[in-house]
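The numbering used here applies: residue 1 is where the sequence shown begins, and numbers increase by one. Backbone N, C-alpha and C define an ideal beta-carbon position, used for all residues, glycine too.
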Amino acid sequence: MDSNRSGEMEVFVQVVQSGSFAAAARRLEMTPSAVAKLIQRLEARLGARLINRTTRSFQPTAEGRLFFDRAQEILADLEDAESAVGLEASEPQGVLKLNVSVPFGRRLLLPLLPEFLALHPRMRVDLTLTDELIDPFEQHTDLVIRHGALADSRLIARYLGRSPQLIVASPDYLARRGVPRTPSELITHDCIDFNFRRQLSEWRFTIDGEQRAVPVAGSLSAGDGETLRELTLAGVGISRLTRFHVLDDIRRGALVSLLEPFASEDSDAIHALYHDRRHLASRTRAMLDFLTARLRLD
Numbered sequence: 001m002d003s004n005r006s007g008e009m010e011v012f013v014q015v016v017q018s019g020s021f022a023a024a025a026r027r028l029e030m031t032p033s034a035v036a037k038l039i040q041r042l043e044a045r046l047g048a049r050l051i052n053r054t055t056r057s058f059q060p061t062a063e064g065r066l067f068f069d070r071a072q073e074i075l076a077d078l079e080d081a082e083s084a085v086g087l088e089a090s091e092p093q094g095v096l097k098l099n100v101s102v103p104f105g106r107r108l109l110l111p112l113l114p115e116f117l118a119l120h121p122r123m124r125v126d127l128t129l130t131d132e133l134i135d136p137f138e139q140h141t142d143l144v145i146r147h148g149a150l151a152d153s154r155l156i157a158r159y160l161g162r163s164p165q166l167i168v169a170s171p172d173y174l175a176r177r178g179v180p181r182t183p184s185e186l187i188t189h190d191c192i193d194f195n196f197r198r199q200l201s202e203w204r205f206t207i208d209g210e211q212r213a214v215p216v217a218g219s220l221s222a223g224d225g226e227t228l229r230e231l232t233l234a235g236v237g238i239s240r241l242t243r244f245h246v247l248d249d250i251r252r253g254a255l256v257s258l259l260e261p262f263a264s265e266d267s268d269a270i271h272a273l274y275h276d277r278r279h280l281a282s283r284t285r286a287m288l289d290f291l292t293a294r295l296r297l298d
């Protein structure tokens, strides 16, 4: 296979994964016009339209989806072949761009990073803590770690473990406002939620054996789980936080777990999300394997 064809495949795969010429161009360090011309050249050579594009939509055709699937396999095989003959460094190295939720980062990841870096001295971790889900293609991120139900995504997810989300409040708040006994009673309480949700906040519960969404509202919202925890400890309201995030607070009596008989398992899982590629960079695989072996959620 000549290099032009493999290059065309790589660009086409990036265009489909990124969802636009502009996003693919940023990732490939090309201009959008150069990407568009290359796709046009590829379509002309194949004699088939691969992408339907208008000002409002951008979707691969049936032929484009077929070519995308085969191109991914071929590019992965090429990478595997290079690795087999030693063209890829045997020891993980370089910068790993890692984006994790604030509670996960502070409570679980940061204590483990010194051990990870000692195991891989040729690596450097570029760490971002945020609870808002980002697009790794846009942010050029290698690995994203999030808690909760997964939305439809172009990413591969590796399961890391499970930690239930708990409904919690401080004893002071409960003394003032009362203890909710059923999810429906939350409507009369001050519920603190994330401020990046673009619609009415809803918390899921198991009610009569079914998963149901219960609308909640409150006078305050925040952009990360650690701030939600601090507001809850201060008696501002009721929040929904991950068990590993508030377990110590519950054990010392600073927070009380509520509505446990109605707990939902829909959003318990923690996943590592990464690009849809069969052959991961060795630095990304090193972190995935390390977290799988060392992560403790209790």
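Output needed for residue i: all residues of its chain with C-beta closer than 6 angstroms, excluding positions within five of it in sequence on either side, in chain order.
{"i": "tryptophan 203", "result": "Val214, Val216 and Arg240"}
{"i": "glycine 94", "result": "Arg283"}
{"i": "glycine 47", "result": "none"}
{"i": "aspartate 248", "result": "none"}
{"i": "proline 92", "result": "His120, Met123, Ser282, Arg283 and Ala286"}
{"i": "threonine 128", "result": "Asn99"}
{"i": "serine 221", "result": "Asp193 and Asn195"}
{"i": "leucine 297", "result": "Gly161, Ser163 and Phe244"}
{"i": "aspartate 268", "result": "Arg162 and Pro164"}
I believe residue i touches residue j by the beta-carbon criterion, under 8 angstroms. Please report the beta-carbon distance rounded to the nearest angstrom.
{"i": "glutamine 59", "j": "asparagine 99", "result": "Going by Cβ atoms, the distance from glutamine 59 to asparagine 99 rounds to 27 angstroms, so no, they are not a contact pair."}
{"i": "valine 168", "j": "valine 256", "result": "7 angstroms"}
{"i": "glutamine 223", "j": "aspartate 131", "result": "A small correction: the amino acid at residue 223 is glycine; glutamine does not occupy that position in the sequence shown. Yes, glycine 223 and aspartate 131 are in contact; Cβ-Cβ is about 7 angstroms, under 8 angstroms."}
{"i": "valine 11", "j": "leucine 28", "result": "6 angstroms"}
{"i": "arginine 162", "j": "isoleucine 270", "result": "7 angstroms"}
{"i": "threonine 227", "j": "proline 103", "result": "Not quite, the Cβ-Cβ distance comes to about 10 angstroms (not below 8 angstroms), so this is no contact."}
{"i": "leucine 160", "j": "threonine 61", "result": "Not confirmed; about 36 angstroms, so no contact."}
{"i": "valine 246", "j": "leucine 166", "result": "6 angstroms"}
{"i": "isoleucine 250", "j": "histidine 189", "result": "That belief does not hold up - the Cβ atoms of isoleucine 250 and histidine 189 are roughly 18 angstroms apart, past 8 angstroms."}
{"i": "serine 101", "j": "histidine 147", "result": "6 angstroms"}
{"i": "threonine 232", "j": "serine 170", "result": "6 angstroms"}
{"i": "threonine 31", "j": "alanine 23", "result": "Contact flag wrong, Cβ pair sits at about 13 angstroms."}
{"i": "alanine 272", "j": "arginine 158", "result": "5 angstroms"}
{"i": "serine 6", "j": "leucine 78", "result": "7 angstroms"}
Near residue i, what residues of its chain come up, given a Cβ to Cβ distance below 7 angstroms and the 5 sequence neighbours on each side ignored?
{"i": "threonine 284", "result": "Leu96, Asp142, Leu143 and Tyr274"}
{"i": "alanine 263", "result": "Pro164 and Thr206"}
{"i": "glutamate 43", "result": "Arg49 and Leu50"}
{"i": "arginine 112", "result": "It should be noted that the sequence gives leucine, not arginine, for residue 112. Only Arg294 meet the Cβ criterion."}
{"i": "methionine 9", "result": "Ala71, Ile74 and Leu75"}
{"i": "asparagine 52", "result": "Gln59 and Thr61"}
{"i": "alanine 36", "result": "Phe21"}
{"i": "valine 13", "result": "Phe68, Ala71, Gln72 and Leu75"}
Let me know if residue i comes out buried or exposed under the rule of 16 or more other beta-carbons within 10 Å of its beta-carbon.
{"i": "leucine 87", "result": "Its pLDDT being 42, under 50, leucine 87 is placed unreliably by the model, and nothing is read from it."}
{"i": "isoleucine 39", "result": "buried"}
{"i": "aspartate 289", "result": "exposed"}
{"i": "aspartate 126", "result": "exposed"}
{"i": "proline 180", "result": "buried"}
{"i": "leucine 108", "result": "buried"}
{"i": "isoleucine 145", "result": "buried"}
{"i": "glycine 64", "result": "buried"}
{"i": "leucine 66", "result": "exposed"}
Starting from residue i and walking both ways along the alpha helix (DSSP H), at which residues does that stretch end?
{"i": "threonine 284", "result": "282 to 294"}
{"i": "aspartate 311", "result": "One cannot answer for residue 311 here, as it falls past the ends of the chain, which runs 1 to 298."}
{"i": "alanine 118", "result": "113 to 119"}
Can you give me the start and stop residues for the beta strand (DSSP E) that residue i sits inside?
{"i": "aspartate 126", "result": "123 to 129"}
{"i": "valine 95", "result": "94 to 100"}
{"i": "leucine 108", "result": "Careful: leucine 108 lies outside any beta strand (DSSP E) and carries neither H nor E."}
{"i": "leucine 297", "result": "Element bounds for leucine 297: n/a, residue is neither H nor E."}
{"i": "leucine 344", "result": "It is not possible to answer for residue 344, since the shown part of the chain is limited to 1 through 298."}
{"i": "leucine 255", "result": "From DSSP, leucine 255 is part of no beta strand (DSSP E); its letter is neither H nor E."}
Can you find the residues in the same chain that come closer than 8 angstroms, C-beta to C-beta, to residue i, ignoring five residues on each side of it along the sequence?
{"i": "leucine 211", "result": "Looking at the sequence provided, one finds glutamine at residue 211 rather than leucine. Taken in chain order, the residues that qualify are Arg204, Phe205, Ser264 and Asp266."}
{"i": "arginine 106", "result": "Leu129 and Glu226"}
{"i": "aspartate 172", "result": "Gly235"}
{"i": "glycine 253", "result": "Pro171"}
{"i": "arginine 229", "result": "Pro103, Ser239, Leu241, His245, Val246 and Asp249"}
With 8 angstroms as the threshold, decide whether the Cβ of residue i is near any Cβ in chain C.
{"i": "isoleucine 51", "result": "The displayed structure is made up of one protein chain only, and chain C is not part of it."}
**Request:** Jot down the residue ranges of each uninterrupted alpha helix (DSSP H) in the region 24 to 63, minimum 4 residues, whole runs only, in chain order.
**Result:** 32 to 46
**Asked** Which runs of the alpha helix (DSSP H) spanning at least 4 residues fall entirely within the region 142 to 225, listed in chain order?
**Response** 171 to 177
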